[in-house]
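In our numbering, the protein residues as written are 139 to 359.
Backbone N, C-alpha and C fix where the C-beta goes; we use that ideal spot for every residue, glycine too.
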Ligand code: TIU
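1) Is DSSP giving residue 267 helix, strand or coil here?
2) Spell out a yes or no on whether the region 162–170 and the region 251–258 are touching, meaning 3 or more CB-CB pairs, one atom from each, closer than 8 Å.
3) If you follow the beta strand (DSSP E) that residue 342 is in, where does it begin and where does it stop?
4) What residue from 199, 353, 206 has the CA that sits closest to residue 144's CA?
5) What does the Cβ neighbour count give for residue 283, buried or exposed, with the cut at 16 atoms within 10 Å?
6) Taking only three categories from DSSP, how would you classify residue 184?
7) Would you decide whether residue 189 is buried or exposed? Buried here means 16 or more other CB atoms lie within 10 Å of its CB.
8) Taking 8 Å as the cut-off, is the CB of residue 177 close to at least one heavy atom of the ligand TIU?
9) Thinking residue 310 and residue 288 are a contact (beta carbons under 8 Å), I'd like their distance in whole angstroms, please.
10) Just to confirm the assignment, what range does the beta strand (DSSP E) spanning residue 205 have?
11) Strictly closer than 5 Å from CB to any heavy atom of the ligand TIU: give me those residues in the order they appear in the chain.
12) Less than 9 Å between the C-beta atoms of residue 205 and residue 290, yes or no?
13) Since I believe residue 298 is in contact with residue 272 (beta carbons under 8 Å), could you give me their beta-carbon distance rounded to a whole number of angstroms?
14) Can you have a look at residue 154 and say buried or exposed, based on whether 16 or more other CB atoms are within 10 angstroms of its CB?
15) If you follow the beta strand (DSSP E) that residue 292 is in, where does it begin and where does it stop?
16) With three or more C-beta pairs closer than 8 Å as the rule, is the region 208–217 touching the region 180–197?
17) Does residue 174 come out as helix, strand or coil in the three-state DSSP assignment?
18) Which one or two residues does DSSP pair with residue 199 in a beta bridge?
19) Would residue 359 be called buried (16 or more neighbouring beta carbons within 10 Å of its own) or exposed?
20) Leaving out the 5 sequence neighbours to the left and right, which residues in its chain are closer than 7 Å to residue 226 when beta-carbon positions are compared?
21) Classify residue 356 as buried or exposed, calling it buried when 16 or more other Cβ atoms lie within 10 Å of its own Cβ.
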């Protein structure tokens, strides 16, 4: 076992069972005119982490480790979109409505695609998920088992919504979860700070947190 300096204490990991999970780095969350913007959010905050997520992804690729990308999106017929999710709040555009990047948060539309800087390559997994967590109504759990993964490094958006939800789901299923704090972002800085703090509080109640450089140093070693 190797270790990565982290909070609340060093993250022990075996490179052979370690994978990167990049959550929802889609145009709909990061770009103008997408789902995130339709909810009234400043998407530029999220754009700032793109180079860091790119460095993390490159490190995993160079080390030959598994990479899984997720996309939050729904079927074009909206059959996997609960009315409670579609009707929540008062957004400028609802999920399924036509926006500048195609229909909001719909699989196959330009807005649902992963941003060009982080495009998956052959051999990497892409999970389309209708919920905030990556396990619900997907084959994410089966892929983790098939890839023999035990240690999961998390990046992506947003920290307190889809990233934290998926980390909690993974933690409950027995995975060791490490969040790259500079490769994740929220539309609300105070929510990111709170999510990072609550993940590693109480002796790592949900998992560990650290910076991208610490992870890259450990996996390239
Ligand atoms: N991917 C993800 O976090 N979905 C969201 O809807 N996040 C918000 O912060 N709105």
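Judging by the given coordinates:
1) strand
2) yes
3) From DSSP, residue 342 is part of no beta strand (DSSP E) but of the alpha helix (DSSP H) over 327–342.
4) 353
5) exposed
6) Three-state DSSP puts residue 184 in a helix.
7) Exposed.
8) yes
9) Not a contact, Cβ separation roughly 14 Å.
10) 204–210
11) 162, 210, 296, 299, 300
12) no
13) In fact, because the Cβ distance is near 15 Å, the residues do not count as touching under 8 Å.
14) exposed
15) 289–295
16) no
17) helix
18) Partner residues in a beta bridge of residue 199, as assigned by DSSP, do not exist.
19) exposed
20) So the list is empty, once near-sequence residues are dropped.
21) buried
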